[in-house]
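Heads up: the sequence shown runs through residues -17 to 316, numbered per this note's numbering.
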Amino acid sequence: MLNNKTILITGGTGSFGRSFAIRLLKEHNPKKIIIYSRDEYKQFILRKELENIFPEKAHMLRFFIGDVRDKERLYRAFEGVDYVIHAAAMKQVPTCEYNPFEAIKTNIYGAKNVIDAAIDKKVKKVVALSTDKAVNPINLYGGTKLVSDKLFISANSYSGEEGTIFSLVRYGNVAGSRGSVIPFLKSIIDKGDKKLPITDERMTRFWITLDEGIDLVLKALKESRGGETFISKIPSFKVVDLAKAMLGSCELQYIGIREGEKLHEVMITKDDSRNTYEFDKHFIIYPSFDWWDFDTRFIAGGKLIKEGFEYNSGTNSEWLGVEELKEKLNNIKV
-17 MLNNKTILIT
-7 GGTGSFGRSF
3 AIRLLKEHNP
13 KKIIIYSRDE
23 YKQFILRKEL
33 ENIFPEKAHM
43 LRFFIGDVRD
53 KERLYRAFEG
63 VDYVIHAAAM
73 KQVPTCEYNP
83 FEAIKTNIYG
93 AKNVIDAAID
103 KKVKKVVALS
113 TDKAVNPINL
123 YGGTKLVSDK
133 LFISANSYSG
143 EEGTIFSLVR
153 YGNVAGSRGS
163 VIPFLKSIID
173 KGDKKLPITD
183 ERMTRFWITL
193 DEGIDLVLKA
203 LKESRGGETF
213 ISKIPSFKVV
223 DLAKAMLGSC
233 ELQYIGIREG
243 EKLHEVMITK
253 DDSRNTYEFD
263 KHFIIYPSFD
273 WWDFDTRFIA
283 GGKLIKEGFE
293 YNSGTNSEWL
303 GVEELKEKLN
313 NIKV
């Protein structure tokens, strides 16, 4: 479905955008891939990397300097675009706490601009990246992403039956991604320090790789009919086990939970369970709106989960121990 199509990625120079562009060029033959982002230097670096890996497909690449806050620029960039992956966001929790109005402008107003541009420029589908922090949010970043998620789901009521289809994919921190726990601990280990700081011995997280995140986005692009939230079924791990897997002889130093941080990641709340269907490798949360038509938008093959179910990294049924984490870490580039 992506061959000879134009795909635009907002926040396209980030970890996801880079890997998604590589996957598109490796496995598909799109007409154009548009990288839309603010940083000209990051665009320069990514352009050189992609042209070096795929010299025969360099003509497919386009780089647009732009901000999702700039509605006029989005309208120009979305001209002739078939699919949009919305990955642009202010993501650092402390940065959002200290710069709340900037987070709102990017994560909320930016989402609205993407929605308006997609509908008016007749984009076929938009898949927006959500986060576990949007579920029962306790920090500003999570709060802005909750609003963003609601906007993208409700956008289907504005686009009409034949208009743009909007859906979400939700996952937590990607293993090895910039700013996550693995590169943080690795930087300490590389300095020769045997003492690793851990916020709380009870802390758990879901394990998802960048490739698995991309698989989920591709599934949403292929299957979405409007309003769905796609969530991968993935294993959990204890952060203390991750530290032991990275440095077996380490000493753990418990430093306390940071402001805005949770003990466990939650992807599906108990209240959402009433509208959640389980598939072999993923879940789908359907919206609860009068405009959402079950007969035309429902994706067959899933089973309604029990009411009261919560998809929580602390109560998950699948776990990675120290040895399994060691194997997983061998495939993570930091």
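Virtual Cβ for every residue (Gly too), placed ideally from N, Cα, C.
For residue i, the first and last residue of its enclosing alpha helix (DSSP H)
{"i": "Val129", "result": "122 to 141"}
{"i": "Tyr91", "result": "Where Tyr91 is concerned, there is no enclosing alpha helix (DSSP H), given that its DSSP letter is neither H nor E."}
{"i": "Lys24", "result": "22 to 35"}
{"i": "Lys315", "result": "From DSSP, Lys315 is part of no alpha helix (DSSP H); its letter is neither H nor E."}
Residue i (DSSP reduced to helix, strand or coil)
{"i": "Lys317", "result": "Coverage of the chain is limited to positions -17 through 316, which leaves residue 317 absent and any answer about it impossible."}
{"i": "Phe280", "result": "coil"}
{"i": "Arg58", "result": "helix"}
{"i": "Arg0", "result": "helix"}
{"i": "Lys13", "result": "coil"}
{"i": "Phe148", "result": "strand"}
{"i": "Val304", "result": "helix"}
{"i": "Ala(-16)", "result": "As written in the sequence, residue -16 is Leu, which differs from the Ala given in the question. DSSP places Leu(-16) in coil when its eight states are reduced to three."}
{"i": "Arg5", "result": "helix"}
{"i": "Phe45", "result": "strand"}
{"i": "Leu108", "result": "The identity of residue 108 in the sequence shown is Val, whereas the question assumes Leu. Strand, per DSSP."}
{"i": "Lys285", "result": "strand"}
Exposure of residue i, with buried meaning 16 or more beta-carbon neighbours within 10 Å
{"i": "Thr297", "result": "exposed"}
{"i": "Arg187", "result": "buried"}
{"i": "Trp274", "result": "buried"}
{"i": "Asn(-15)", "result": "exposed"}
{"i": "Thr278", "result": "exposed"}
{"i": "Tyr268", "result": "buried"}
{"i": "Gly142", "result": "exposed"}
{"i": "Lys263", "result": "exposed"}
{"i": "Glu355", "result": "This structure leaves residue 355 out entirely; the chain is present only between -17 and 316."}
{"i": "Ala282", "result": "exposed"}
{"i": "Ile17", "result": "buried"}
{"i": "Tyr318", "result": "The question about residue 318 has no answer, for the chain in this structure spans -17 to 316."}
{"i": "Ile239", "result": "exposed"}
{"i": "Asn95", "result": "buried"}
{"i": "Asn138", "result": "buried"}
{"i": "Leu(-10)", "result": "buried"}
{"i": "Asn34", "result": "exposed"}
{"i": "Phe26", "result": "exposed"}
{"i": "Leu286", "result": "exposed"}
{"i": "Gly174", "result": "exposed"}
{"i": "Asn396", "result": "Because the chain spans -17 through 316 in this model, residue 396 falls outside it and cannot be assessed."}
{"i": "Lys220", "result": "buried"}
{"i": "Lys127", "result": "buried"}
{"i": "Ile266", "result": "buried"}
First and last residue of the uninterrupted beta strand (DSSP E) at residue i
{"i": "Val340", "result": "Residue 340 lies beyond the stretch modelled for the chain, which goes from -17 to 316, so this question has no answer here."}
Near the ligand SAM: residue i beta-carbon under 8 Å from a heavy atom
{"i": "Leu245", "result": "Looking for the ligand SAM in the displayed structure turns up nothing, as the structure carries no ligands at all."}
Beta carbon proximity, residue i to chain C, threshold 9 Å
{"i": "Thr(-8)", "result": "Checking the listed chains, one finds no chain C in this structure; it contains a single protein chain."}
Counting only runs of 3+ residues fully inside the stretch 236 to 270, write out the beta strand (DSSP E) ranges in chain order. Within the stretch 236 to 270, complete beta strand (DSSP E) segments of at least 3 residues are found at 248 to 250, 258 to 260, 264 to 267, given in chain order.
For a minimum of 3 consecutive residues, which ranges assigned as the beta strand (DSSP E) are wholly contained in the stretch 167 to 249? Here the runs fully enclosed are 177 to 180, 186 to 188, 211 to 214, 218 to 220, 233 to 236.
Check whether the stretch 74 to 86 and the stretch -5 to 4 touch, using three or more Cβ-Cβ pairs below 8 Å as the test. No, the stretch 74 to 86 is not in contact with the stretch -5 to 4.
Pair every Cβ in the stretch 208 to 215 with every Cβ in the stretch 140 to 150, then say whether three or more of these pairs are closer than 8 Å. The stretch 208 to 215 makes contact with the stretch 140 to 150: 3 or more CB pairs, one atom from each, lie closer than 8 Å.
Does the stretch 19 to 37 touch the stretch 224 to 236, meaning 3 or more C-beta pairs lie closer than 8 Å? The answer is no - the stretch 19 to 37 does not touch the stretch 224 to 236, with fewer than three Cβ pairs under 8 Å.
Measuring CB atoms only, is the stretch 130 to 139 touching the stretch 98 to 114, in the sense that at least three cross pairs come out at less than 8 Å? Taking 8 Å as the limit for Cβ pairs, the verdict is that the stretch 98 to 114 does touch the stretch 130 to 139.
Evaluate contact between the stretch 38 to 45 and the stretch 63 to 72, counting only Cβ atoms and requiring at least three cross-stretch pairs below 8 Å. Contact check between the stretch 38 to 45 and the stretch 63 to 72: fewer than three CB pairs, one atom from each, fall below 8 Å, which does not count as touching.
For the stretch 9 to 18 and the stretch 87 to 105, state whether three or more C-beta atom pairs, one from each stretch, are separated by less than 8 Å. Flag = no, the stretch 9 to 18 and the stretch 87 to 105 do not touch.
Mind the definition here: the stretch 189 to 201 touches the stretch 153 to 164 only if three or more C-beta pairs lie below 8 Å; say whether that holds. Yes: at least three Cβ pairs fall under 8 Å.
Would you be able to state if there are at least three C-beta pairs under 8 Å between the stretch 288 to 304 and the stretch 236 to 255? A contact exists between the stretch 236 to 255 and the stretch 288 to 304.
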